[in-house]
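Note sheet for the following structure.
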Amino acid sequence: LRLTRLASTLDRDLGVAVRFRRISNGPRRVYHPETRELHLRTGLSEAQLCFELALQYALTGHADLLRELASSLPTEESRGIAVLALAQYFAAAVVMPYEAMLSTAEEVRYDIDRLATHFGTGFETTCHRLSTLNRPGARGVPFFFVRTDRAGNISKRQSATGFHFSRSGGSCPLWVIHRAFETPGRVTRQVAGMPDGRHYLWIASTVRGQAHGFGRPRKEFAVGLGC
């Protein structure tokens, strides 16, 4: 299993011991540098656990490289954000390797459900990865990805093209990303015309966070993928 291999690699290469099911709520991953222990939350899928292990490997094993890549940014805050973003991309590439993702996507004609089943990932993670297949000489469909809450606040966005996202609010209430909340759990489709004359195909669906106990509502978002 890839989960066992990743845990063994962390232990062998970096001396980091992985402790599963040590956190019942809160963050998915907590690293204790003084004991070199990585504690993981309960209720995570196998793919989510692999992502967190790969993320910790990048942050610990490639810390100097990540800081060097982010060193040209002007502020400490921006450099910290860039380091985390690079580590997250590293982790996504471990869970869904580029060549395997692209070849499988083309084989199944970009069927998100089949891709998610193949890699053991969820709808959101699969859509996000599809929006990063932009390697020169081996490009996938130039998707753009967005995640928003009911109020229209965009918490994630990624584009393989020059598509412009507003940071918060101000978007059309008829946009499929908002209409997805009307049919939770179902994929909603839309062809949208923009003021510049371009037309885009969008699909969207809702995703929900982990349950944290009786009476505590789950976080709910709408995830959209367009081209």
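Each position in the sequence shown, counted from 1, maps to that position plus 7 in my numbering.
All C-beta atoms in this analysis are idealised placements derived from N, C-alpha and C, irrespective of residue type, glycine included.
No experiment lies behind these values; they were computed from the predicted model shown.
Quiz prompt | Nonlocal neighbours in the same chain, by C-beta distance under 6 Å from I88, ignoring five residues either side | solution = none
Self-check item: S212 classed as buried or exposed, judged by whether at least 16 other C-beta atoms fall within 10 angstroms
Solution: buried
Self-check item: Backbone CA spacing between G159 and A99 [nearest angstrom]
Solution: 26 Å
Quiz item: Sorted by chain position, which residues of the same chain lie with C-beta nearer than 6 Å to G233's C-beta, five sequence neighbours on each side aside?
Solution: F151, Y207 and W209
Self-check item: Assigned exposure category for V198 - 16 Cβ within 10 Å defines buried
Solution: exposed
Quiz item: Which value, in whole angstroms, describes the spacing of the CA atoms of D18 and F58?
Solution: 16 Å
Practice problem: Starting from S212, follow its DSSP beta bridges and name the residues at the other end. | Solution: V230
Practice problem: Just grab the DSSP bridge partners of L47 for me. | Solution: R36
Quiz item: Quick one: Cα of L76 to Cα of L140, how far?
Solution: 20 Å
Quiz item: Are there 16 or more other CB atoms within 10 angstroms of the CB of S175, so buried, or fewer, so exposed?
Solution: Note that S175 has pLDDT 49, beneath the 50 cutoff, so the model's placement of it is unreliable and the number below is only indicative. Exposed is the call here.
Exercise. Could you give the DSSP three-state label for R74: helix, strand or coil?
Key: helix
Quiz item: For S166, which beta-bridge partners are listed by DSSP?
Solution: F151
Quiz prompt | Collapsed DSSP secondary structure at H206 in the structure displayed | solution = strand
Quiz item: So what's F27 in DSSP terms, helix, strand or just coil?
Solution: strand
Quiz item: If we cut at 8 Å on Cβ distances, does C134 have a partner in chain B?
Solution: Among the protein chains of the structure shown there is no chain B, as only one such chain exists.
Quiz item: Can you tell which of A54, Q63, S52 and P191 has its C-alpha closest to the C-alpha of A24?
Solution: Q63
Exercise. For my contact list, V183 and T195 are in at a C-beta cut-off of 8 Å; report their separation, rounded to the angstrom.
Key: 5 Å
Quiz prompt | Cα-Cα separation, E106 to P143 | solution = 12 Å
Quiz prompt | Spatial distance of A61 from L47 (CA atoms) | solution = 13 Å
Quiz prompt | Three-state secondary structure (DSSP) of T82 | solution = coil
Quiz item: The beta strand (DSSP E) spanning T196 covers which residue range?
Solution: The amino acid at residue 196 is misidentified as Thr; the sequence shows Arg. From DSSP, the beta strand (DSSP E) with R196 extends over T195 to G200.
Exercise. Please go through the same chain and pick out, in chain order, the residues whose beta-carbon is closer than 8 Å to the beta-carbon of R86, but skip the five residues on each side of it.
Key: R74, A77, S78 and L80
Practice problem: Please work out which residues of its chain come closer than 6 Å, Cβ to Cβ, to V101, disregarding the five sequence neighbours upstream and downstream, and give them in chain order. | Solution: A61
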